[in-house]
Each structure stands twice: as C-alpha cells, then as structure tokens.
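The numbering of the sequence shown is this note's numbering, which starts it at 11 and goes up by one.
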Amino acid sequence: MLNELNRSMQSRMGTNFATANKIDGFKRKLAAWKHRVSRDCYDMFPNLSEIINCESGLDATSLANIITEHLKSLAERFEFYFPKEQDPREGNGWICNPFLQLKDELNVNLEDKLLGLAGDQGLKNIFTAK
C-alpha cells in the first residue's frame, strides 16, 4: 500500500495538489482502517483476512490491538511529515478552479488578473468540459 502511494506520488506530471490529494486520501484510509479493525473487519488486508478466517486459534483481540497501534503510529507519522497546517491546497483552490468565488487572501494585482480570467466564458466552457 505504501509502495503504491509512493509510486503514484513520483509521476513526472504530478503537482503539489495531486500529491496533497493522495496524502490526504491515505490519511483518511488509515482512519477508516483503524475504525474497521475496531469492528473486527480486516477486508482491507486480504491476506490477513484469509488467515483470520482459516485460523480458529488466533487471538483476534491481541491482533486487533497490534494493528490498531500500528495504524495509529502510521497516521501520526504521516501527520508529522505532512501536517494539515502546511497543506498546499488550503487557500489555493482558485488555482485548480479559477471560477470559484474569490477570498481576500490574494494580493490586488493577482486578484485583478484572476477576475479577468474568471470572466472569460470560453475558458470556463473548456474548463467545465474537462
């Protein structure tokens, strides 16, 4: 799973926003997986799920505690290296969609240019078609 995330973040045409989307998605998956493990659901780990279904003498409670602790630790590490406060998407939604309502975060010059761009119906049609 981590290898897949790592490879997907290293594409040549990747952007900071695309990387932030993938990291945020993975953080959300970790939280969901932790919640599922608390309900004794291991379907997101197919090999483990198969072992649990076949092994009758397995101590599921200890296993759930270990997995939960590992997922918690992994989530903490991701938050340490990719803190929510440094998310490049925050306050920059206009870069991905210049037709969004503007906020007061832009300087006057940039805001004027963006307003001119946002008023271009041809560009808006092209953007909407994608």
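Backbone N, C-alpha and C define an ideal beta-carbon position, used for all residues, glycine too.
Predicted model, so just to flag it, every value in this text is computed and none were measured.
Tell me the start and end of each unbroken alpha helix (DSSP H) in the stretch 48 to 73 that is at least 4 residues and wholly inside, in chain order.
Listed in chain order, they are 56 to 64.
Contact defined as beta carbons within less than 8 angstroms: I believe F27 pairs with P98. What is the distance between those atoms, to the nearest angstrom?
Indeed, because the Cβ distance is near 6 angstroms, the residues count as touching under 8 angstroms.
Could you spell out where the alpha helix (DSSP H) holding T138 opens and where it closes?
Unbroken alpha helix (DSSP H) run through T138: 131 to 139.
Quick one: grab the DSSP three-state call for S21.
Here S21 sits in coil by DSSP.
Can we say the stretch 71 to 89 touches the stretch 35 to 49, given the rule of at least three CB pairs closer than 8 angstroms?
Touching, yes, given that three or more Cβ pairs across the two stretches are closer than 8 angstroms.
Below 8 angstroms on the Cβ atoms is my contact criterion, and I expect K44 with L81 to pass it. Report the Cβ-Cβ distance as a whole number of Å.
About 4 angstroms; that satisfies the 8 angstroms criterion.
What residue range does the alpha helix (DSSP H) around E95 cover?
From DSSP, E95 is part of no alpha helix (DSSP H); its letter is neither H nor E.
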